[in-house]
Every structure is written in structure tokens, then in C-alpha cells.
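Only one structure is covered here, and it is reproduced in the block below.
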Amino acid sequence: MSSTYLALAKDIYIELNEAHPLEMKGLHDIYLPELHTGRPINIDYVDDRI
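Residue numbering for the sequence shown follows my numbering, starting at 3 and increasing by one per position.
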């Protein structure tokens, strides 16, 4: 789901799937910067976080 849909949605429903391991908690790929400055997002390694 793109961040545009999330920003424009009236309601957002999130499915909690208990079949996945608890270690995946917090794993997602949507990042909404406050200002679009054109700077790159510093992610160099797979375990880097913003």
C-alpha cells in the first residue's frame, strides 16, 4: 500500500497476523518524511533503521 493511499484514507485497518514470528514486530517499509528535501535516506545495510 502506498503512502499516498494512507495519507488520503478516511480509515485504515491493519491486520494482525499471529502466524508470523514476534521478531518481525516493527518491520514495515513505509517512510513518510516531514519535508521532501531531496536528500537520500541513509540506509546502507539490511538491518539499518530510520
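Even for Gly, the Cβ is constructed at its ideal location relative to N, Cα and C. Just so we're clear, the structure is a prediction, and the values are computed from it rather than from any experiment.
If we call anything under 8 Å between Cβ atoms a contact, is residue i one with residue j?
i	j	result
residue 29	residue 5	no
residue 32	residue 8	yes
What residues in its chain sit with their C-beta under 6 Å from that of residue i, if we drop five residues either side in the sequence?
i	result
residue 23	none
Please go through the same chain and pick out, in chain order, the residues whose beta-carbon is closer than 7 Å to the beta-carbon of residue i, but skip the five residues on each side of it.
i	result
residue 43	33 and 52
* Asked: Can you list, in chain order, the stretches of the alpha helix (DSSP H) that have 4 or more residues and sit fully within the region 6-45?
  -> none
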